[in-house]
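Protein chains: 2
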Amino acid sequence: MKAEESNKAEEQPETAAEAAAAEEEAAAAQPETTYKSLLLSAHGGYDKVKLQVKKGSPVPKAGEVLVRVKACGLNFADLMARQGVYDRLPSLPVSLGMECAGIVEELGEGVTDRQVGDKVMVLNRFGLWQELVTIQTNHTFLMPDGMSFEEGAAFLVNYITAYMILFHFGNLRPNQSVLIHMAAGGVGTAAVQLCKTVDNITIFGTASASKHENLKENGVLHPIDYRSNDYVEEVRKVSPKGVDIVMDPLGGTDTCKAFNLLKPMGTLVIYGAANLLTGQKKNIMALAKSWWNQFSVTAMQLISANKSVCGFHLGHLDEELELITSVVSTLLDLYKQGKIKPKIDTMFSFEQVGDAMRQMQEKKNVGKVILIPDMPKEEAEKDATEEAKKDAKSEGKKDAKEETKKDAKGEAKKDAKKDAKKDAKEDAKKDAKEDAKKDAKKEEN
Amino acid sequence: MKAEESNKAEEQPETAAEAAAAEEEAAAAQPETTYKSLLLSAHGGYDKVKLQVKKGSPVPKAGEVLVRVKACGLNFADLMARQGVYDRLPSLPVSLGMECAGIVEELGEGVTDRQVGDKVMVLNRFGLWQELVTIQTNHTFLMPDGMSFEEGAAFLVNYITAYMILFHFGNLRPNQSVLIHMAAGGVGTAAVQLCKTVDNITIFGTASASKHENLKENGVLHPIDYRSNDYVEEVRKVSPKGVDIVMDPLGGTDTCKAFNLLKPMGTLVIYGAANLLTGQKKNIMALAKSWWNQFSVTAMQLISANKSVCGFHLGHLDEELELITSVVSTLLDLYKQGKIKPKIDTMFSFEQVGDAMRQMQEKKNVGKVILIPDMPKEEAEKDATEEAKKDAKSEGKKDAKEETKKDAKGEAKKDAKKDAKKDAKEDAKKDAKEDAKKDAKKEEN
Numbered sequence: 001m002k003a004e005e006s007n008k009a010e011e012q013p014e015t016a017a018e019a020a021a022a023e024e025e026a027a028a029a030q031p032e033t034t035y036k037s038l039l040l041s042a043h044g045g046y047d048k049v050k051l052q053v054k055k056g057s058p059v060p061k062a063g064e065v066l067v068r069v070k071a072c073g074l075n076f077a078d079l080m081a082r083q084g085v086y087d088r089l090p091s092l093p094v095s096l097g098m099e100c101a102g103i104v105e106e107l108g109e110g111v112t113d114r115q116v117g118d119k120v121m122v123l124n125r126f127g128l129w130q131e132l133v134t135i136q137t138n139h140t141f142l143m144p145d146g147m148s149f150e151e152g153a154a155f156l157v158n159y160i161t162a163y164m165i166l167f168h169f170g171n172l173r174p175n176q177s178v179l180i181h182m183a184a185g186g187v188g189t190a191a192v193q194l195c196k197t198v199d200n201i202t203i204f205g206t207a208s209a210s211k212h213e214n215l216k217e218n219g220v221l222h223p224i225d226y227r228s229n230d231y232v233e234e235v236r237k238v239s240p241k242g243v244d245i246v247m248d249p250l251g252g253t254d255t256c257k258a259f260n261l262l263k264p265m266g267t268l269v270i271y272g273a274a275n276l277l278t279g280q281k282k283n284i285m286a287l288a289k290s291w292w293n294q295f296s297v298t299a300m301q302l303i304s305a306n307k308s309v310c311g312f313h314l315g316h317l318d319e320e321l322e323l324i325t326s327v328v329s330t331l332l333d334l335y336k337q338g339k340i341k342p343k344i345d346t347m348f349s350f351e352q353v354g355d356a357m358r359q360m361q362e363k364k365n366v367g368k369v370i371l372i373p374d375m376p377k378e379e380a381e382k383d384a385t386e387e388a389k390k391d392a393k394s395e396g397k398k399d400a401k402e403e404t405k406k407d408a409k410g411e412a413k414k415d416a417k418k419d420a421k422k423d424a425k426e427d428a429k430k431d432a433k434e435d436a437k438k439d440a441k442k443e444e445n
Numbered sequence: 001m002k003a004e005e006s007n008k009a010e011e012q013p014e015t016a017a018e019a020a021a022a023e024e025e026a027a028a029a030q031p032e033t034t035y036k037s038l039l040l041s042a043h044g045g046y047d048k049v050k051l052q053v054k055k056g057s058p059v060p061k062a063g064e065v066l067v068r069v070k071a072c073g074l075n076f077a078d079l080m081a082r083q084g085v086y087d088r089l090p091s092l093p094v095s096l097g098m099e100c101a102g103i104v105e106e107l108g109e110g111v112t113d114r115q116v117g118d119k120v121m122v123l124n125r126f127g128l129w130q131e132l133v134t135i136q137t138n139h140t141f142l143m144p145d146g147m148s149f150e151e152g153a154a155f156l157v158n159y160i161t162a163y164m165i166l167f168h169f170g171n172l173r174p175n176q177s178v179l180i181h182m183a184a185g186g187v188g189t190a191a192v193q194l195c196k197t198v199d200n201i202t203i204f205g206t207a208s209a210s211k212h213e214n215l216k217e218n219g220v221l222h223p224i225d226y227r228s229n230d231y232v233e234e235v236r237k238v239s240p241k242g243v244d245i246v247m248d249p250l251g252g253t254d255t256c257k258a259f260n261l262l263k264p265m266g267t268l269v270i271y272g273a274a275n276l277l278t279g280q281k282k283n284i285m286a287l288a289k290s291w292w293n294q295f296s297v298t299a300m301q302l303i304s305a306n307k308s309v310c311g312f313h314l315g316h317l318d319e320e321l322e323l324i325t326s327v328v329s330t331l332l333d334l335y336k337q338g339k340i341k342p343k344i345d346t347m348f349s350f351e352q353v354g355d356a357m358r359q360m361q362e363k364k365n366v367g368k369v370i371l372i373p374d375m376p377k378e379e380a381e382k383d384a385t386e387e388a389k390k391d392a393k394s395e396g397k398k399d400a401k402e403e404t405k406k407d408a409k410g411e412a413k414k415d416a417k418k419d420a421k422k423d424a425k426e427d428a429k430k431d432a433k434e435d436a437k438k439d440a441k442k443e444e445n
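The listed protein sequences derive, respectively, from chains A and B.
Heads up: the first sequence at position 90 corresponds to 90 in UniProt numbering, and the numbers run straight through without jumps.
Heads up: the second sequence at position 69 corresponds to 69 in UniProt numbering, and the numbers run straight through without jumps.
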């Protein structure tokens, strides 16, 4: 249940002579073992998550493995944790991070279900934004062939969340309709893909207008610009009775709107309070507003409307590993069948963690924001060689290079598109302002 | 959407000469056409539902059929309606009754999906406790071969309710656990049978001790006597984490207990407030108590516990006929496969409606309480002959007779068992009291 925080090599003496010898040998090859860790030192703004270089290497305990982390996923819970509004965190300082992907480098005592060299995805309540982590094996999931580390780091939290909301609580069935807020975000993208695995689902997705093209490509038949339109009205234009499922990561008044927008027998799943995140720091006004607007429902309201209200938070399911494991198994089958595929928005180095958080908090992302502990060229070469050993056919190296090229191209294209759209928008705004001014003058006359 | 209340033959002039002629002919054969109707004249006790004999015969409008009712089902909503705590009723006087089964006797204009002689089950918000009803065809469902009218009158409300609670809101899956309150009642019996259609469901069922043998026969592994035991404790003994689904027809504090008894990802479905029905008349104290104890839940409580709360009321789904029809179709398949079968507790004549309501309100029933409009011997013969015509092999008559015999035998046996148990219980009580007295005396000394 816990990720290794401290420098075990310094604190704990080795118990076996062999281990000590191996350690020495490793030390000889790599003169000084260090690893990067992103630590939350105090609650507050983006600058409160700091890069620290730790010495030595953590040692996996019985039942644990040591994982060299290649990519980490960013989640809303990390942002809430930074601001001090996430209650599932130990006392500070603490390393953040609920998910990562990497390679098993060492096995703790009694570990038989994982091998050195295994590529794994890791899920934990915190502590995974580090270059090296020790973790119990039942928090690790083997990555399928062809999955990149970035995809691996974008898989667990978003797809488990979307799956359990849609299929466990929502009980999504053919011919139903779903409203997905923040449909271009990590969970949103996963939810849209999962909806597409069921026949004839009408998907409404909210996102700012600049992301609509992307939403349509992903399968959102009705993208809604929540900034310029009332999304309730937009949904009712298409589906007068409302929708069968609303996925609500917003909280506050949007939750009330969602409840009213449900069809009879409809289900509202509240899984966040993104409306709280209005600034870098904990916003007392937003908190107070949210408190007053906090959604509450009575038995009578539910009965007379035939409705269902659910709350979901993966961070509170950490004792339900059996359930989680069965969901991951289903999701990996869908991945192998090509039915779902994580969408990466941007990759940031550990050093750029502030920019990464801003990207997500300001809702600029389309897909997942990823943190990469370290990716100099030599390292990439080395990783590729190690992977090649395991894969025998050295496919890994080629894939990694191609993917990097592809990502770079994709990024460039996307940026160009974004810039073009932004320009167009600004032009439109200017025109609108001028028109408004003219109208105002006319009215004065 | 509406059942025919008034005497159409008297109030509305016939529009076609043929119809008038047919009417006359019918009148000649049956010197005076009358039909029985159970009317709620005012809110209050059992005596407020009165038998009235209406003259003439209601005439089906376009899209409607005239049904000769052979059996009616009794539901909690009828009891609530009598007491004035059911808001889905038009102004008084009104004929009660949400379900019945009978034979189509006449078709309204444009009806092509039903034929004279069809045996049908009927669902409506009210108005079905009458010997003759006119009803839109989409409120009627063809009875499968071999289903008796009593079964037909016990099928729709209970099985639709149990099915939608367990499979739409509850999303019941193999290896889960369910707590069913009032497990020996109409919905409870249906729910137990439906749970048995899924692999390895752990069923907890509450009922008074005298009904436990019956619950076990039906498939309830863990019957709980809620009068002498704390059901929460009893469930936790077997399932320390709680259960996946609680079906709650009780309301008040039991709803809070149910919420706490849910596992993570568990679902509570509230579908009644039987706790309100503490006496014959509307109980102001019970209402007040229920008001103060009214269950209410916030978004934060749901999220931090990963739970779902739903409200269900079939009476509020009367505009969702397409959905209902698809559920009935699934249920009829299960019936034909022998997986579900309505359990009849007792049959009462229309004249005994007060006793019928008392049987249910005092929770004496095991299975469904049925009202029979009229069943003198001659009538039974006639019905059987008419059915024989349609069935060609005259199986109907034999079945009807055999079923009647079987029911009578079953009733007699059950009564004998009940009496024996009651005696045993009273003896046990006496013994216990005497022991207690002795103990008390000893302590005094």
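Ideal Cβ placement from N, Cα and C applies to all residues, glycine included.
Coil, strand or helix - residue i by DSSP
i	result
Leu79(A)	helix
Ile203(B)	strand
Gln52(A)	strand
Phe350(B)	helix
Val157(B)	helix
Ala62(B)	coil
Arg173(A)	coil
Thr253(A)	helix
Tyr35(B)	strand
Ile340(B)	coil
Gly84(A)	coil
Gly152(B)	helix
Closest residue to residue i among the options (Cα-Cα distance)
i	options	result
Pro342(B)	Glu131(B), Asp374(B), Leu250(B), Met147(B)	Met147(B)
Val69(B)	Val243(B), Tyr35(B), Lys364(B)	Tyr35(B)
Ile344(A)	Arg82(A), Ile135(A), Pro90(A), Ala184(A)	Ala184(A)
Leu317(A)	Ala62(B), Pro223(B), Glu64(B), Gly266(B)	Gly266(B)
Leu268(A)	Phe259(A), Leu276(A), Asn275(A)	Phe259(A)
Asn229(B)	Arg114(B), Ala209(B), Ile203(B)	Ala209(B)
Tyr46(B)	Phe76(B), Gln83(B), Ile165(B)	Gln83(B)
Through-space distance from residue j to residue i, alpha-carbon basis
i	j	result
Gly251(B)	Tyr271(B)	8 Å
Asp383(A)	Val328(A)	Only weak support exists for where Asp383(A) lies, its pLDDT of 39 falling under 50; the value from the coordinates is given anyway. Roughly 26 Å separates the two Cα atoms.
Gln352(B)	Thr189(B)	24 Å
Val53(B)	Phe350(B)	11 Å
Asp225(B)	Thr253(B)	18 Å
Asn365(A)	Asp145(B)	60 Å
Val122(B)	Asn218(A)	45 Å
Phe76(A)	Asp78(B)	49 Å
Lys61(B)	Cys256(B)	47 Å
Asn158(B)	Met182(A)	40 Å
Leu323(B)	Leu66(A)	52 Å
Leu302(B)	Asp248(A)	13 Å
Assigned exposure category for residue i - 16 Cβ within 10 Å defines buried
i	result
Glu131(B)	buried
Pro373(B)	buried
Leu172(B)	buried
Gly396(B)	Because Gly396(B) carries a pLDDT of 42, less than 50, the predicted location of this residue cannot be relied on, and no value is offered for it.
Leu262(B)	buried
Glu362(A)	exposed
Asn175(A)	exposed
Ser41(A)	exposed
Contact list for residue i against chain C, beta-carbon separation under 7 Å
i	result
Thr298(B)	Absence of chain C from the displayed structure is noted, the protein chains being A and B.
Uninterrupted beta strand (DSSP E) stretches inside the segment 95-140 of chain A (no shorter than 3 residues)
99-107, 119-123, 132-136
List in chain order: all unbroken alpha helix (DSSP H) runs of 4+ residues lying wholly within the segment 185-240 of chain B.
186-195, 212-218, 231-238
Secondary structure, beta strand (DSSP E): runs of 3+ residues fully inside the segment 305-334 of chain B:
308-311
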